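Data block below; observations after.
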Amino acid sequence: MTNAFAEMLASHDVLLADGATGTNLFAMGLQSGDAPELWNTDEPDKIRALYQGSVDAGSDLFLTNTFGGTAARLKLHDAQGRVRELNRVGAELGREVADRAGRKVIVAGSVGPTGEIMEPVGALSHAAAVEMFHEQAEGLKEGGVDVLWLETISAPEEFRAAAEAFALAGMPWCGTMSFDTAGRTMMGVTSADMAQLVETLPNPPLAFGANCGTGASDILRTVLGFVAQGTERPIISKGNAGIPKYVDGHIHYDGTPELMGVYATMARDAGAKIIGGCCGTMPAHLTAMRAALDSTPRGDRPTLEEIVDKIGPFTSASDGTGDDAGPERRARGGRRRRA
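Numbering that gives the first Met the number 0 numbers the first residue of the sequence shown as 0 and each following residue consecutively.
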């Protein structure tokens, strides 16, 4: 099969990815605790609308509604026997939207964590994890995705298991981790650790990076951490639309479209090749990001002080690598401007 995603990477200076899945589906009526993946068959028009929102906003790629598509996650909803079906249908709906876009749009098959802790800390074995990821990957492949997209991973063991599964499925892939604990993943991985990890895999990802985490400032610092390792692999940055706030019984993200436009250009200048949003990112944010990327000339790599000045303060004193604590502490005194 031709690798449409690799071709797009080679032909584009920067790629705009999509935004949030959950935030947009909640706006369409999904209830907390429900499995979004069940909507692939129960509410297909709403899933088409989710995908179409990204395409209309100018995204070059979007992720399928299959984040919780492993047997381990679907078991919570008594749907562990529907892994292949739900992933296939989620991909087919995406393929349908992308193929009628009038331009090349990549369909990326979203694969999230199993939700279980792997050995030796937890009970999930490497073999069992590979089996679950492989089952999901085959469903996404059958549905027609261009690339598999591992996201929000915390443990290197789970990252390796998914990589092995994707090799079994014979599919190209990308992978991101979530650096949400003082610049580290929940399992202690730093940006430097991840940059080194991907190069040790027998089938490394076409691109790697970070998604979700805390605010947009923090993910920009993580991108700088990847770049500092000298990687030549394309870097992904999918940051949340600001910081979550609890307002009137609901989670609200305070990042405006204008702020996310500034974030997008800073992510590009920091070294990211694929830029999108995560939690809280709606089509309006993506539209602003597309416009900013298309209209703003490339600039110098931003300093930590410039990130704080334009986006806001970091949520921790360091990104965990030990190289930025001094400059970052100075940056915390910078003025915050909500663009």
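Note that the Cβ used here is the ideal one computed from N, Cα and C, for glycine as well.
Only a predicted model underlies this, so the values are computations on that prediction, with no experimental measurement involved.
Beta-carbon separation (whole angstroms), residue i vs residue j, contact threshold 8 Å
i    : j    : result
R289 : L15  : 5 Å
G279 : A215 : Contact doesn't hold; Cβ gap of about 10 Å is too wide.
P171 : L205 : 5 Å
S236 : G208 : 6 Å
A191 : G224 : 6 Å
G169 : A90  : About 15 Å; that fails the 8 Å criterion.
A19  : G276 : 6 Å
R87  : E134 : Their Cβ separation, rounded to whole angstroms, is 11 Å, which puts R87 and E134 out of contact at 8 Å.
A266 : V222 : 6 Å
M131 : A71  : 6 Å
L219 : I274 : 10 Å between Cβ atoms; not a contact.
P112 : T151 : 6 Å
L285 : D17  : 7 Å
Beta-bridge partners of residue i, as assigned by DSSP
i    : result
I273 : L14, I235
S109 : W148
A209 : M176, S236
M117 : L123
R183 : T180
Same chain only: Cβ atoms within 6 Å of residue i, ignoring 5 sequence neighbours per side
i    : result
G260 : A287, M288, A291
D217 : F313, T314
F165 : A136, L147, W172
P282 : G52, A56
I242 : G214, D253
H76  : A34
L200 : A162
Per-residue DSSP class, three states only, for residue i
i    : result
P43  : helix
L62  : strand
V342 : No answer is possible for residue 342: the residues shown for the chain start at 0 and end at 338.
Q228 : coil
V388 : Past the boundaries of the shown model lies residue 388; the chain is included only from 0 to 338, so the question cannot be answered.
Q51  : helix
R83  : helix
M170 : coil
D323 : With a pLDDT of 45 at D323, under the threshold of 50, the modelled position of that residue is not reliable, and no figure is offered here.
D192 : helix
Q30  : coil
T221 : helix
L200 : coil
V88  : helix
M265 : helix
P301 : coil
P35  : helix
R99  : coil
G138 : helix
G346 : The structure shown does not extend to residue 346, since the chain is modelled only from 0 through 338, so no value can be given for it.
P256 : helix
M281 : coil
D293 : helix
A316 : coil
N2   : coil
Same chain, Cβ closer than 8 Å to residue i, neighbours up to 5 away in sequence not counted
i    : result
M7   : L14, D59, L60, K103, I105
M117 : L123, S124, H125, A128, A154, E156, E157, A160
P326 : Note that P326 has pLDDT 37, beneath the 50 cutoff, so the model's placement of it is unreliable and no number is given.
V54  : F61, V96, A97, A100, V104
L49  : T20, N23, L24, M27, N64
A5   : P171, L205
L85  : E36, L37, N39, T40, T65, G68, L73, A78, G138
V226 : I234, A269, G270, R300
Sequence-distant residues of the same chain with beta carbon closer than 7 Å to residue i, five excluded per side
i    : result
N2   : P171
G319 : A181, G182, R183, T189
M186 : S153, A154
D247 : none
D12  : none
R336 : Any reading at R336 must be qualified, since the residue scores a pLDDT of 27, below 50, and its modelled position is unreliable; no value is offered.
T140 : Reading the sequence as shown, one finds Lys at residue 140 and not Thr. Closer than 7 Å at the Cβ level, and outside the excluded window around K140, lie A168, M170.
G298 : D268
T264 : A291, L292, T295
Any non-hydrogen atom of the ligand MG within 6 Å of residue i CB
i    : result
L292 : Only the bare structure without any ligand can be found here, which leaves the ligand MG out of the picture.
### Query
Counting pairs of Cβ atoms below 8 Å between the region 33-50 and the region 253-272, do you hit three or more?
no
### Query
Should the region 138-151 be called in touch with the region 161-177, which here means at least 3 C-beta pairs below 8 Å?
yes
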